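Q: The structure's right below; bear with me while I get my questions together.
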Amino acid sequence: MSREQIYNEIKEMFGLVPSFMKSIPDSSLELEWRLFKQVQFEEGAIPNKYRELIGLGIAAVSKCRYCALFHAEAAKLNGATQEEIEDAIHFAKSSAGWSAYINGMQIDYDEFKREVQQITNYVRTKMTSNEKEMVSSRAGR
């Protein structure tokens, strides 16, 4: 596809060609546009609302204000509430904090893995049959 054809597709989707798309070299534009559409907008196993919330969490942890803005707005477009956006950011902060702590303390990975397996097995035995059904129905989506 020519740059003009790609720009027409972008304009059709967004109403304009964002400056970051204009900066992509001709040799890469078609590939980058195709990949951007596929990754950012096509439905996958994870619904787009949750994909955007994941993207927002990653953006927050990696301190990318461009990505944070994009994913927050895209999450809203996909039905995320302000509370869900705040929860995603808080979860990312918590995960990054625990990662820093566990890695900094050099906790033995094999021991950690065994403990996680023991914890999940224990929690699974404590779950009610209704809770187990809810988990398995979510997993079967």
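Offset between the sequence shown (1-based) and the numbering used here: plus 562.
Every residue, glycine too, gets a C-beta built ideally from N, C-alpha and C.
Please read these numbers as outputs of a predicted model, since none were measured by experiment.
Looking only at C-alpha atoms, which of L597, P587, F603 sits nearest to M575?
A: Nearest C-alpha to M575: F603.
Q: Assign Q602 to one of three DSSP states: helix, strand, or coil.
A: Residue state, collapsed to three classes: helix.
Q: Taking the Cβ atom as the reference point for each residue, do C719 and G617 lie within a distance shorter than 8 angstroms?
A: The structure shown has nothing for residue 719, since the chain only spans 563 to 703.
Q: Out of curiosity, what's the CA-to-CA distance linking R582 and I568?
A: Here residue 582 is Phe; the residue named in the question, Arg, does not match the sequence. The straight-line gap from Cα to Cα measures roughly 14 angstroms.
Q: Applying the 10 Å Cβ sphere with the 16-neighbour rule, what's the burial state of N683?
A: Under this definition N683 is an exposed residue.
Q: Taking F610 as the reference, give the member of L639, S661, E673, R627 with the closest Cα.
A: The residue you asked about is not Phe; residue 610 is Asn in the sequence shown. Out of L639, S661, E673, R627, L639 has the C-alpha closest to the C-alpha of N610.
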